[in-house]
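Residue numbers (UniProt numbering): 1 to 205. Worksheet: the structure to be examined is printed underneath.
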Amino acid sequence: MSRSKDSTLLGIVYSDPLALWALDFLIRRQHAPIDIIWAYSSGKDVLQNIDNFEHPQAILIDLDLLDINYSILSRRIKLIDSNIGTVGIASSLPQESLEARNTSQINLIVHKKDSIEEIIRAVGSVSNHPKLMHWTSKDQASPLSKKELQIIRMTARGFTYAAIGRQLHISEQTVKTYIRRSYIKLGVHTRSECVALCSSQGWLI
């Protein structure tokens, strides 16, 4: 797996598997300079496997873990590698979250209802990543290649696949291949969804 040298390596531990999947998906969809290197629904699994991988620079920790107290987990993580920044994800009231931060080695606390941008900014703060510290959705880069964006722009202007192929001197089948790849990268299923998403992100300008 190729990684950017400018990316923050991130681990996630969240007790609800569905919420874990959603959090992983939403972070990846931002296309921020973050590489998620592992995601577990068990704190004990984190401790058992953390040395099997490159250590992350930041870990998102569900403060409602079922199998191990988050405070114990955070302290053990810090004993393994004191350079790992920890962000607790809380469902409690702000004052309770502050107490949780003061009685454990959690570096920052965010709320489960906070936006994905706020969570990314917290990851940036504990990993000392300037771009992530000020992250907004407007910062997200297109995951598409220049050729894929060019083809989507032409699609948005009403060109057929055959016409695009003639303009770009490639086969119609190759155009369709680029389109399929774009759908997969963006998580969409139709041409209109693809164009709408790219347009909303300002990638078709």
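Glycine is no exception: its CB is placed at the ideal position from the N, C-alpha and C atoms. As the structure is a prediction and not an experimental result, all values here were calculated from the model.
N- and C-terminal bounds of the beta strand (DSSP E) containing residue i
{"i": "Leu60", "result": "58 to 62"}
{"i": "Ile109", "result": "108 to 111"}
Terminal residues of the alpha helix (DSSP H) in which residue i lies
{"i": "Thr155", "result": "146 to 156"}
{"i": "Gln105", "result": "Unbroken run through Gln105: none, as it is neither H nor E."}
{"i": "Pro130", "result": "130 to 133"}
{"i": "Thr177", "result": "172 to 186"}
{"i": "Val192", "result": "One detail in the question is off: residue 192 reads as Ser in this sequence, not Val. First-last of the alpha helix (DSSP H) with Ser192: 191 to 200."}
{"i": "Leu168", "result": "161 to 168"}
{"i": "Ser125", "result": "116 to 127"}
For residue i: DSSP bridge partner residues
{"i": "Ile89", "result": "Asp62, Val110"}
{"i": "Gly11", "result": "Trp38, Ile59"}
Contact belief for residue i with residue j at Cβ below 8 Å, rounded distance in angstroms
{"i": "Asp114", "j": "Ser91", "result": "Contact flag wrong, Cβ pair sits at about 11 Å."}
{"i": "Ala22", "j": "Val123", "result": "Contact doesn't hold; Cβ gap of about 16 Å is too wide."}
{"i": "Ile137", "j": "Gln30", "result": "Inspection of the sequence shows that residue 137 is occupied by Ser rather than by Ile. Indeed they touch by this definition, with Cβ atoms about 7 Å apart."}
{"i": "Leu26", "j": "Ile116", "result": "5 Å"}
{"i": "Ile106", "j": "Ile151", "result": "That pair is no contact at about 46 Å."}
Proximity of residue i and residue j at Cβ, strictly below 7 Å
{"i": "Asp24", "j": "Ile37", "result": "no"}
{"i": "Pro143", "j": "Lys185", "result": "yes"}
{"i": "Gln7", "j": "Ile34", "result": "Sequence check: residue 7 is Ser here, not Gln. Against a cut-off of 7 Å, the Cβ pair of Ile34 and Ser7 comes out as a contact."}
{"i": "Tyr61", "j": "Val13", "result": "Contrary to the premise, residue 61 reads as Ile rather than Tyr in this sequence. Against a cut-off of 7 Å, the Cβ pair of Val13 and Ile61 comes out as a contact."}
{"i": "Asp67", "j": "Gly43", "result": "yes"}
{"i": "Pro56", "j": "Ser41", "result": "no"}
{"i": "Ala32", "j": "Leu20", "result": "no"}
{"i": "Leu197", "j": "Ala156", "result": "no"}
For this session: Could I get the ranges of all uninterrupted alpha helix (DSSP H) runs contained in the stretch 14 to 80, with 4 residues as the minimum, in chain order?
Result: List check, alpha helix (DSSP H) in window: 17 to 29, 43 to 49, 70 to 80.
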